[in-house]
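Every position in the sequence shown, counted from 1, becomes a number in my numbering once 5 is added.
A virtual CB, placed ideally from N, CA and C, is assigned to each residue, including glycine.
Model, not experiment: these values are computed from the prediction.
What follows is a short report on a single structure.
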Amino acid sequence: MRSIVVLIFTAYFMIMAMKSSFVAMLLYWWFAIFRPQDWIWWDVSILRLPLIAALIFFIPALFRGYVPRIKDKLSLCFLLWIVIALIANFTNGCTVASGIKAAIVAMPVLIYTVLLTERVIETKAHVVALMLTIALSLGFHSGKSGVNSLLQGGVSNYGAENLTGLFSGSNAYALGTGMLVFFMIFIYQQAKSNPSIMPVIFSKNNRLKYFKIIMLIIIAGSIYNIVSLSSRGASLATFAGFVGFFMMKPNGVKHVLMILPFLVVSFFIIPLPEGYKERIESVFVEEEELDHSAKSRGHFWETAKRMADHNPVGIGAGCYSSYYDLYDYSNGFYGSKRSVHSSHFQILAETGYIGFIIWVVLFVVSYIKLFKLRMMAYRFHDSLDPNGFYKQISETLICAQTVFLLGGSFYELAYSDLIWLIWAVVICLIRLMNFDIENLNVKNDGKISRL
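Below is the structure:
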């Protein structure tokens, strides 16, 4: 039954997507995050549904005149980074049995996709629909997994068979959940403070009321899912994200101080997976007491730096494992063809110092833009942001990016979709805010500066 419903749903929205690039964009991200082809019981791999969804998004959009815009610092950094990555692969690079590493093929497609997503979005309602699609696509899995673990007395999901694609592996799943839980919170906030912007499906009867209750359950389940996955980096990064989230509120310190006792009590009342407390505490022990996993990361990062020192333009996207044995100075103590275990050192090794500088600039520019957006939303609340859209989404993206910045220091996820999509949404928000500022200036003969 599940397979039939999903296939009917997919067929219907593929037909709708042929008529609208916006619907096609939502369909693409639903396939990217939710991965319905892996969730149903039937083997539909022969249908190549993700490829069809991508083509339905790309080709009609091109004929409708939707092409990526390179008009701001973030999109320019995207383009420069791709050029540097291509130079690294052509200068050094690596091959496998099937040819060039998949990363250098996938990244230009990803950059094109997120910039095309930014181009297709035209209104704040479109942004909410995108955030809703992404939040529920993962929230369905993470919320269900967290609730199941909690109801079973805190069963650990670490090492269990989790999702595929972007979130394959416990650490990637936990970090993705930590980022997208703030998307879920944003959707709940909009449903509460700005219901008119929500999709029309929620406008009938008491659907929005029940939806808000469901969202709270999904948020709580997703947070516990991070705990059940026993991912140290993701847990600490998500905690830091929530500290930032409450600190950005009026009387932020007061909010944090009020929440801390609740967290302490919850730590003793809510059942935790076996060994979770010891696993988290292991992050703060002395160097000589670090477990093998934690101790090895420093070695992998130093190896990445050595690669960059010897190859300033980078060794090529996706090539760290292929070069590891050549630069390993431990005589194979940690094994062969290892991963770098850090998104930031991954960028350093594979795209060199120039690529790493661009990577840092992307974070810095994004933070600056988001804090400026938030400042404008607070300053001109009544005229520019009466329903809290800009304020809430800027804080959401600041927290989600912070989770990746911290958690991504321990996991190799630089080429995953989420962080690049966040930067594309930032571009979109600046465009929408500037449009609103221009309209406000025309109406009131004002002189509010553009972002």
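query = Which whole-angstrom value is the C-beta distance of Gly-183 and Ile-231, which I expect to be below 8 Å?
reply = The count along the sequence shown starts at 1 and reaches residue 183 at position 178. The count along the sequence shown starts at 1 and reaches residue 231 at position 226. Confirmed, about 6 Å.
Local conformation of Phe-385 per DSSP, three classes = What you label residue 385 is simply residue 380 of the sequence shown in a count that begins at 1. Reduced to three states, the DSSP call for Phe-385 is coil.
inquiry  = Tell me the rounded alpha-carbon separation between Gly-319 and Ala-354.
reply    = The residue given as residue 319 occupies position 314 in the sequence shown. The residue given as residue 354 occupies position 349 in the sequence shown. Straight-line Cα distance between these residues: approximately 6 Å.
task = Would you mind sorting Tyr-334 into buried or exposed? The rule is 16 or more other CB atoms within 10 Å of its CB.
result = For the purposes of this step, residue 334 is identified with residue 329 of the sequence shown, where counting begins at 1. That one is exposed.
message = If contacts are defined as beta-carbon pairs under 8 Å, then Ile-109 and Phe-83 qualify, I think. What distance do you get, rounded to the angstrom?
response = Start at 1 with the first residue of the sequence shown, and residue 109 comes out as number 104. Start at 1 with the first residue of the sequence shown, and residue 83 comes out as number 78. No, Ile-109 and Phe-83 are not in contact; Cβ-Cβ is about 15 Å, not under 8 Å.
request  = For the alpha helix (DSSP H) holding Arg-463, just list the boundary residues, first then last.
outcome  = Outside the shown range of the chain (6 to 456) lies residue 463, about which nothing can therefore be said.
query = Quick one: what does DSSP say Ala-196 is sitting in, helix, strand or coil?
reply = Position 191 of the sequence shown, counted from the start, is the residue given in the question as residue 196. Helix.
ask   = How would you label Lys-24, buried or exposed, when you count the other beta carbons within 10 angstroms and need 16 or more for buried?
value = The count along the sequence shown starts at 1 and reaches residue 24 at position 19. With fewer than 16 other Cβ atoms within 10 Å, it is exposed.
request  = Express the C-alpha separation of Tyr-71 and Ser-414 in angstroms, rounding to a whole number.
outcome  = The residue labelled residue 414 in the question sits at position 409 within the sequence shown. The residue labelled residue 71 in the question sits at position 66 within the sequence shown. Cα to Cα, Ser-414 sits roughly 35 Å from Tyr-71.
message = Assuming the contact rule is C-beta atoms closer than 8 Å, Thr-356 and Ala-93 should be a hit. Round their C-beta distance to whole Å, please.
response = Residue numbering aside, residue 356 sits at position 351 when the sequence shown is read from its first letter. Residue numbering aside, residue 93 sits at position 88 when the sequence shown is read from its first letter. Contact flag correct, Cβ pair sits at about 5 Å.
query = Is it right to say Pro-391 is buried, meaning 16 or more other beta carbons lie within 10 angstroms of its own, or is it exposed?
reply = Indexing the sequence shown from 1 puts residue 391 at position 386. Per the 10 Å Cβ criterion, exposed.
task = Please list, in chain order, all residues of the same chain as Ala-22 whose beta carbon is under 6 Å from its beta carbon, the five residues on each side excluded.
result = Residue 22 sits at position 17 when you count from the first residue of the sequence shown. So the qualifying residues of the chain are Val-28, Ala-29, Leu-32 and Ile-61.
ask   = Counting pairs of Cβ atoms below 8 Å between the region 117-126 and the region 73-88, do you hit three or more?
value = yes
task = May I have the straight-line CA-CA distance separating Thr-118 from Leu-445, to the nearest angstrom?
result = For the purposes of this step, residue 118 is taken as residue 113 along the sequence shown, with counting starting at 1. For the purposes of this step, residue 445 is taken as residue 440 along the sequence shown, with counting starting at 1. So the alpha carbons of these two residues sit roughly 32 Å apart.
request  = Closer than 7 Å by C-beta to Ala-102: which residues in its own chain qualify, once you throw out the five before and the five after it? Chain order, please.
outcome  = Within the sequence shown, the letter at position 97 stands for residue 102. Note that Ala-102 has pLDDT 49, beneath the 50 cutoff, so the model's placement of it is unreliable and the number below is only indicative. Excluding sequence neighbours, Ala-102 sits near nothing in its chain.
ask   = Starting from Leu-155 and walking both ways along the alpha helix (DSSP H), at which residues does that stretch end?
value = Residue numbering aside, residue 155 sits at position 150 when the sequence shown is read from its first letter. It spans 129-156 - the alpha helix (DSSP H) in which Leu-155 sits, taken as one unbroken run.
request  = Could you pull the start and end residues of the alpha helix (DSSP H) that Pro-41 belongs to?
outcome  = Position 36 of the sequence shown, counted from the first residue, corresponds to residue 41. First-last of the alpha helix (DSSP H) with Pro-41: 41-44.
ask   = What residue does the alpha helix (DSSP H) around Tyr-215 start on, and which one ends it?
value = On the sequence shown, position 210 is the one that residue 215 refers to. Counting along the chain, the alpha helix (DSSP H) containing Tyr-215 begins and ends at 212-233.
ask   = How close, in whole Å, do the beta carbons of Leu-402 and Val-370 come, if the pair is a contact with beta carbons under 8 Å?
value = As a working note, residue 402 is residue 397 in the sequence shown. As a working note, residue 370 is residue 365 in the sequence shown. That pair is no contact at about 13 Å.
message = Suppose you measure from the CA of Asn-439 to the CA of Asn-176; what does that come to, to the nearest Å?
response = Position 434 of the sequence shown, counting from 1, holds the residue named residue 439. Position 171 of the sequence shown, counting from 1, holds the residue named residue 176. About 38 Å.
message = Considering only their Cβ atoms, is the gap separating Leu-367 from Trp-306 smaller than 9 Å?
response = Sequence index remark: in the sequence shown, residue 306 carries index 301 (1-based). Sequence index remark: in the sequence shown, residue 367 carries index 362 (1-based). Against a cut-off of 9 Å, the Cβ pair of Leu-367 and Trp-306 comes out as no contact.
request  = Indicate whether at least one CB of chain C lies closer than 9 Å to the CB of Val-11.
outcome  = Chain labels in this structure do not include chain C; a single protein chain is all it has.
query = Where Phe-361 and Val-408 are concerned, what is the direct C-alpha to C-alpha distance, given to the nearest angstrom?
reply = As a working note, residue 361 is residue 356 in the sequence shown. As a working note, residue 408 is residue 403 in the sequence shown. Cα-Cα distance, rounded: 19 Å.
request  = Identify whether Gly-340 lies in helix, strand or coil by the three-state DSSP scheme.
outcome  = Taking the sequence shown and counting its residues from 1, one reaches residue 340 at position 335. Reduced to three states, the DSSP call for Gly-340 is coil.
request  = Give every residue of the same chain whose Cβ lies closer than 8 Å to the Cβ of Ile-89, excluding the five residues on either side of it in the sequence, and list them in chain order.
outcome  = In the sequence shown, the residue the question calls residue 89 occupies position 84. Hits under 8 Å: Val-318, Gly-319, Thr-356, Gly-357, Ile-359, Gly-360 and Ile-363.
query = Apart from the five residues on each side of it in sequence, which residues of its chain come closer than 6 Å, Cβ to Cβ, to Ile-38?
reply = The residue given as residue 38 occupies position 33 in the sequence shown. Only Ile-139, Ser-142 and Leu-143 meet the Cβ criterion.
ask   = Helix or strand or just coil, what does DSSP make of Trp-47?
value = Numbered from its first residue, the sequence shown carries residue 47 at position 42. Three-state result, Trp-47: coil.
inquiry  = Tell me which residues share the same chain as Ala-58 and place their Cβ nearer than 6 Å to its Cβ, disregarding the 5 neighbours each side in the sequence.
reply    = Residue 58 sits at position 53 when you count from the first residue of the sequence shown. Within the same chain, Ala-58 has close Cβ partners Leu-32, Tyr-33 and Phe-36.
message = Quick check on DSSP: helix, strand or coil for Asn-446?
response = By 1-based counting over the sequence shown, the position of residue 446 is 441. Reduced to three states, the DSSP call for Asn-446 is helix.
Short Cβ contact (9 Å threshold) for Arg-302 with Tyr-332 = Here residue 302 refers to the residue found at position 297 when the sequence shown is read from its first residue. Here residue 332 refers to the residue found at position 327 when the sequence shown is read from its first residue. The answer is no: Cβ separation not under 9 Å.
message = Rounded to whole angstroms, what is the Cα-Cα separation between Ile-192 and Leu-81?
response = Translated into positions along the sequence shown, residue 192 becomes position 187. Translated into positions along the sequence shown, residue 81 becomes position 76. About 30 Å.
query = Under 9 Å between the Cβ atoms of Ala-322 and Tyr-420?
reply = Here residue 322 corresponds to residue number 317 of the sequence shown, with the count starting at 1. Here residue 420 corresponds to residue number 415 of the sequence shown, with the count starting at 1. Yes, Cβ-Cβ distance for Ala-322 and Tyr-420 is below 9 Å.
task = Would you decide whether Tyr-17 is buried or exposed? Buried here means 16 or more other CB atoms lie within 10 Å of its CB.
result = Here residue 17 refers to the residue found at position 12 when the sequence shown is read from its first residue. It is exposed - the Cβ of Tyr-17 has fewer than 16 other Cβ atoms within 10 Å.
key: The alpha helix (DSSP H) enclosing Tyr-328, as first and last residue numbers   = For the purposes of this step, residue 328 is taken as the residue at position 323 of the sequence shown. Start and end: 325-332.
task = Please determine if the region 212-220 and the region 259-270 are in contact, where contact requires at least 3 C-beta pairs separated by less than 8 Å.
result = no
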